[in-house]
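Protein chains: 6
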Amino acid sequence: MIRLTRRYHFVASHRLHSPQLSEAENDTTYGKCNNPFGHGHNYTLEVTVANPVHSETGQAVPVPALDALIQEQVLSRYDHRNLNEELDEYKFGLVPTTENVLACIEEKLREIWPPRLGSLVRLRLHETANNTFESTLS
Amino acid sequence: MIRLTRRYHFVASHRLHSPQLSEAENDTTYGKCNNPFGHGHNYTLEVTVANPVHSETGQAVPVPALDALIQEQVLSRYDHRNLNEELDEYKFGLVPTTENVLACIEEKLREIWPPRLGSLVRLRLHETANNTFESTLS
Amino acid sequence: MIRLTRRYHFVASHRLHSPQLSEAENDTTYGKCNNPFGHGHNYTLEVTVANPVHSETGQAVPVPALDALIQEQVLSRYDHRNLNEELDEYKFGLVPTTENVLACIEEKLREIWPPRLGSLVRLRLHETANNTFESTLS
Amino acid sequence: MIRLTRRYHFVASHRLHSPQLSEAENDTTYGKCNNPFGHGHNYTLEVTVANPVHSETGQAVPVPALDALIQEQVLSRYDHRNLNEELDEYKFGLVPTTENVLACIEEKLREIWPPRLGSLVRLRLHETANNTFESTLS
Amino acid sequence: MIRLTRRYHFVASHRLHSPQLSEAENDTTYGKCNNPFGHGHNYTLEVTVANPVHSETGQAVPVPALDALIQEQVLSRYDHRNLNEELDEYKFGLVPTTENVLACIEEKLREIWPPRLGSLVRLRLHETANNTFESTLS
Amino acid sequence: MIRLTRRYHFVASHRLHSPQLSEAENDTTYGKCNNPFGHGHNYTLEVTVANPVHSETGQAVPVPALDALIQEQVLSRYDHRNLNEELDEYKFGLVPTTENVLACIEEKLREIWPPRLGSLVRLRLHETANNTFESTLS
């Protein structure tokens, strides 16, 4: 059983503001991230998959298929986007915190995950060099 | 004569769109960066200063004064901002490409640069891990 | 359940020398790190916290509160310090190896950890680029 | 119980080609990595060991002994080598994918692992900045 | 006048052996890099171009055109290759040291460099994290 | 003409305190770095050498000879040391700021630099990830 981790990169903007909170609470909760005009990040997504090594190929996972899936399900939707304005997930009140972004990516990947890519066991999303979010799926 | 380089970090969003170009030209020139809703980056600014080493202190530049200047002139204005919407430099048609952001930062720093901080000899602005812009000032 | 990892940085000096060992044993055990005058490092501390995502804020942990806690309990005590000479933990014979530094930080954080910051599940301390120590707390 | 992770570096070349697959299957499976003349990488191996901290030394593992073991068992065999042509593991049909390299290193280390170095709990092998393989041993 | 630096990545294998040197001299000169079976690296190429910023686009260089040129002239030829066996430059006795690789890339780029991409002012080739070669062209 | 940059690593402790300044001036000038017990860093030294490429070997500089020189002149003296207490350069009032450390290393290297290693054209000393000092020698 081997775990493969692939790293993918996208750039996006977001604004942290919750319609369920007052202006004062939004300010206290999000600070500079509550700026009405938004800001942005270079995000790195780490996808970790576990699978036995195939005896003929010596590979755990067909990497081109994994890359294509992440391109289609994540990068094509998140890269060079304003998360609040352009993604259905965050248009109706769900705040695009990195926690929620990670949870939405996880939910989408779980729905369509093909067994031939092994088990999706961990997602990590780096927002800055000092800030990482992780979801342990198994 | 020693050169000191300090690295500063800010996060911001921008949209690349020139009012002097047609829609088709904007699309050809900027591609995904022309997305009307914008996107964002973790920027790193490198400030390089040259100065002789002071014989009593053994230092080339008073670093706290340099940090305070960059905080006031750059970080307080650029960090957690939407460059197109919030900075006067880019509100009236100047496109916030990283080239222009670097030139605007340079112009502002040159105007108020205090001689006691030495000579400002180079600015570098990293937009992503694979993309860096540099202005050699001397 | 999301895990947030924050990275904090401090610089410090230490000397590895155990009063329970002979001079020859100290030399064999610690090598150059036994140098009587000490040496130092740029340390990076990774703090990992697990918590459910709050439905209103979309956040797992109030980051400013976490930062304030680490500043007070760790950085204010360890940054720009000589660990052997200045911290009570290591004044009376406990050797400030990175293992012991990690254990002391863990003990201190566990004593005062406020439940509203979630569960402290992992601490990592990087001593150099090639040397990392980890304590799995849960 | 502390986990120590040490990082070791080696450079090597390999070619991915399975004698159990047809030419067309090799091409589909390995793409550019199937190039008959091979290519190469700067590999980083992370070795993670778990052990209680020794009360007299304050150390979990004698690092010089760990380094000597990895030098003898891994680096002296893999560094500056063509994996397909020079290592017995891959001369007879086992494809030197990073998965198989990791498995072979694990098998070799497990055979001769001395208890005084603690428990070998995880191996990670980085092939590029975006591609990491991991074996959880415990 | 702005300098743009773009970083490109390729993986390749090589062997350092000069037909103009004796076996003993080859061994002394290249050490482990003289291994007859070769080894490999993850290379990073930095291309630095100087150009005035275009007043309408705010850009110094059309990046897609630069990327296409480097893809065609460098990456398509060097990525996933054995430099000694597959590139005409090194088949007839020129040793594929990183110095020579850099010089060959420079010569090729200079021959076909289109003025609309600005002035090619510096090439850097990183062989490992601790080893960089640079050619200052202007 | 090629420039080779090699990176070397050492760890050391220092205290910034000038006997030519009052206590108050020392505090204002050096802040936390004036702590009487000192602190430390992981330093990285970059040595850049310019030389034509040798036609027979394809190399600009004999790297083993360069490594041996830096080991003897710099690393053996600075690694795992307390700069204030153990190095003659800083025992008699010269403050071991990174500026002065860089100047002392430069002076020592210039005295004994052998022409066969090419021209020493630049030294850089990284104190932290955000703080670099550079001396341009040519």
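Chains as they are written, first to last, in this note's numbering: chain A, 48 to 185; chain B, 48 to 185; chain C, 48 to 185; chain D, 48 to 185; chain E, 48 to 185; chain F, 48 to 185.
By construction, the Cβ of each residue, glycine as well, lies at the ideal position given by its N, Cα and C atoms.
All values reported here derive from a predicted model rather than from experimental measurement.
Going by beta carbons, Gly-105(E) and Val-142(B) fall inside the 7 Å limit. In the DSSP assignment, Arg-157(F) falls within the unbroken alpha helix (DSSP H) covering 145-159. For Ala-176(A), DSSP assigns no beta-bridge partner whatsoever. With its beta carbon at least 7 Å from every one in chain F, Phe-139(E) lies outside the interface. DSSP lists Leu-170(B) as the bridge partner or partners of Ser-182(B). In the three-state reduction of the DSSP assignment, Arg-124(E) falls in the helix class, which pools H, G and I.
Sixteen is the threshold: when 16 or more other Cβ atoms of the shown chains lie within 10 Å of the Cβ of Ala-59(B), as they do, the residue is buried. If you draw a 10 Å sphere on the C-beta of Thr-183(E), you find fewer than 16 other C-beta atoms in it, and that means exposed.
Within the same chain, Val-96, Ala-107 and Val-108 come within 6 Å of Leu-51(F) by CB-CB distance, once the 5 residues on both sides are set aside.
One Cα belongs to Gly-78(F), the other to Glu-103(B), and the distance between them is close to 16 Å.
Among the residues of the segment 141-157 of chain C, those with a Cβ less than 8 Å away from any Cβ of chain D are Leu-141, Val-142, Pro-143, Thr-144, Glu-146, Asn-147, Leu-149 and Ala-150, in the order of the chain.
CA-CA distance, Arg-169(E) to Trp-160(C), rounds to 52 Å. Using a Cβ-Cβ distance cut-off of 8 Å, the segment 81-93 of chain A and the segment 113-125 of chain B are not in contact, since fewer than three pairs of beta carbons, one from each stretch, lie closer than that value. The C-beta of Ser-166(E) comes no closer than 7 Å to any C-beta of chain D. At a cut-off of 7 Å, the C-beta of Val-100(A) has a neighbouring C-beta in chain D. Using a CB distance cut-off of 7 Å, Asn-73(A) does not count as an interface residue toward chain B. A distance below 7 Å between beta-carbons, with the five flanking residues on each side excluded, links Thr-144(C) to the following residues of its chain, in chain order: Leu-63. Check the Cα spacing between Glu-174(F) and each of Val-100(F), Leu-130(F), Leu-68(F) and Asn-89(F): the tightest is with Asn-89(F). Among the CB atoms of chain F, none fall inside 7 Å of the CB of Glu-119(E). Along the segment 51-70 of chain D, going in chain order, the ones with a CB nearer than 9 Å to a CB of chain C are Leu-51, Thr-52, Arg-53, Arg-54, Tyr-55 and His-56.
Close partners of Phe-84(E) in chain F (Cβ separation under 8 Å) are lacking, with about 19 Å as the shortest Cβ gap. Close partners of Glu-103(E) in chain B (Cβ separation under 7 Å): Ser-65, Gln-67 and Leu-68. Here the C-alpha atom of Asn-147(B) lies approximately 8 Å from the C-alpha atom of Val-100(E). Taking a C-beta distance under 7 Å as the contact criterion, Leu-156(D) and Leu-172(D) do not qualify as a contact pair.
Rounded to the nearest angstrom, the Cβ distance from Glu-132(C) to Phe-180(F) is 27 Å, too far for a contact under 8 Å. Of the residues Pro-162(E), Tyr-137(E) and Leu-113(E), the one whose Cα lies closest to the Cα of Arg-54(E) is Leu-113(E). For Gly-87(A), the number of other beta carbons within 10 angstroms of its own is at least 16, and it is reported as buried. In the same chain as Asn-129(C), and ignoring 5 residues on each side of it, the C-beta atoms closer than 8 Å to its own belong to Ala-59, Ser-60, His-61 and Gly-85, in chain order.
Among the CB atoms of chain C, none fall inside 7 Å of the CB of Thr-91(F). Excluding the 5 residues flanking it on each side, Asn-73(A) has same chain C-beta neighbours closer than 7 Å at His-64, Ser-65 and Asn-81, in chain order.
For Thr-179(A), the C-beta contacts it makes with chain C under 7 Å involve Thr-52, in order along the chain.
Counting every other CB atom within 10 Å of its CB across the protein chains shown gives Thr-75(E) a total below 16, marking it as exposed. About 7 Å separates the beta carbon of Asn-98(F) from that of Ile-49(F), a gap short enough to meet the 8 Å contact definition.
Counted as a single uninterrupted DSSP element, the alpha helix (DSSP H) harbouring Leu-116(B) occupies residues 110-117. Closer than 7 Å to the CB of Ser-182(C) there is at least one CB belonging to chain D. For Asn-82(E), the secondary structure class from DSSP, reduced to helix, strand or coil, is coil.
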